[in-house]
């Protein structure tokens, strides 16, 4: 993703989710991934409670089946961007744009985007050239904006209240569990990525972060557990860490899959 401010003072390149590069103007806040752990009977109330109290809910319910009152969820969201559902082929995010603020001039070469306004007023501009946004429309509550792939676009809050909307990307554009609390946080994350960070950490920081799993794997080697089983387990743990699980939680989850028989293949490989 490339983010180019209105002042054209700088241009960032942001790696995109699922190989969907984007040209982007403005800041892109930090995200915080949280595991998706079954059971959705209270998910909307949990979202409202955590968001309304000022503790931003960073839970991403993808790729599980999911139902929510999107109007209320969108209005209750106070973050610049929160990924509410991320799957293989599309992603749902909630956004709140402050008065006078904009999303940022951006272009997604390989994805289409759907926006719906649930509160506030704004102005959307689009064009094939970032210097000639000749499609200009005012938008308000209940307006829908369709942004084709390859189209430069920006949305500005022109009202006197926060502009609340949700966005659907197809395919996904942000990492699972993304939470951008403010636009300033977003730009800080962009700068971090341009400095070699991968999802908020440098390669060496990821090595340090997953040291717990390395040590557990070495203990399994000492216990004589076969290499196939160890590789299967720790590759799965790495996948879960990538989805937002802590290393400790990832370890416990995979061990539980083996112990309970939820993964018969893990049980079989352990006994090889």
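Residue numbers (the UniProt record's numbering): 1 to 272.
Note that beta-carbon positions come from the ideal geometry of N, C-alpha and C, so glycine has one too.
Since the model is a prediction, treat every value here as computed from it, not as a measurement.
ask   = Excluding five sequence neighbours on each side, which residues of the same chain lie with their C-beta closer than 6 Å to the C-beta of residue 158?
value = In the chain shown, residue 158 corresponds to position 158, counting from 1. Answer for residue 158: 121, 122 and 123, listed in chain order.
task = Drop a sphere of 10 angstroms on the beta-carbon of residue 77, count the other beta-carbons inside from all chains shown, and report buried for 16 or more, exposed for fewer.
result = The residue labelled residue 77 in the question sits at position 77 within the chain shown. Buried, since its Cβ has 16 or more Cβ neighbours within 10 Å.
key: Local conformation of residue 229 per DSSP, three classes   = The count along the chain shown starts at 1 and reaches residue 229 at position 229. Here residue 229 sits in helix by DSSP.
ask   = Beta-carbon separation of residue 97 and residue 163 under 7 Å?
value = As a working mapping, residue 97 is identified with position 97 in the chain shown. As a working mapping, residue 163 is identified with position 163 in the chain shown. The answer is yes: Cβ separation under 7 Å.
task = Using the Cα positions of residue 160 and residue 99, report the straight-line distance between them to the nearest angstrom.
result = Your numbering for residue 160 matches position 160 in the chain shown. Your numbering for residue 99 matches position 99 in the chain shown. One C-alpha to the other measures close to 6 Å.
Under 7 Å between C-beta atoms of residue 210 and residue 247 = The residue labelled residue 210 in the question sits at position 210 within the chain shown. The residue labelled residue 247 in the question sits at position 247 within the chain shown. Yes, the pair counts as a contact, with Cβ atoms nearer than the cut-off.
request  = Report buried or exposed for residue 271, applying the criterion of at least 16 other Cβ atoms within 10 angstroms of its Cβ.
outcome  = If you number the chain shown from 1, residue 271 lands on position 271. By the 10 Å Cβ count, residue 271 comes out exposed.
message = Within the continuous beta strand (DSSP E) that includes residue 262, where are the two ends?
response = On the chain shown, residue 262 is found 262 positions in, with the first residue counted as 1. Note, residue 262: premise wrong, no beta strand (DSSP E); not H, not E.
Separation of residue 223 from residue 171, as counted between CA atoms = The count along the chain shown starts at 1 and reaches residue 171 at position 171. The count along the chain shown starts at 1 and reaches residue 223 at position 223. If you take the alpha carbons of residue 171 and residue 223, they lie about 44 Å apart.
key: Cα-Cα separation, residue 237 to residue 251   = Taking the first residue of the chain shown as position 1, residue 237 is located at position 237. Taking the first residue of the chain shown as position 1, residue 251 is located at position 251. About 6 Å.
ask   = In the structure shown, what three-state DSSP assignment does residue 21 receive?
value = Position 21 of the chain shown holds residue 21. Its pLDDT being 45, under 50, residue 21 is placed unreliably in this model, and the coordinates cannot settle the point.
inquiry  = Quick check for students: name the residue ranges of the beta strand (DSSP E) that lie wholly in the stretch 121-188, counting only runs of 3 or more.
reply    = 121-127, 135-140, 144-147, 152-157 and 163-170
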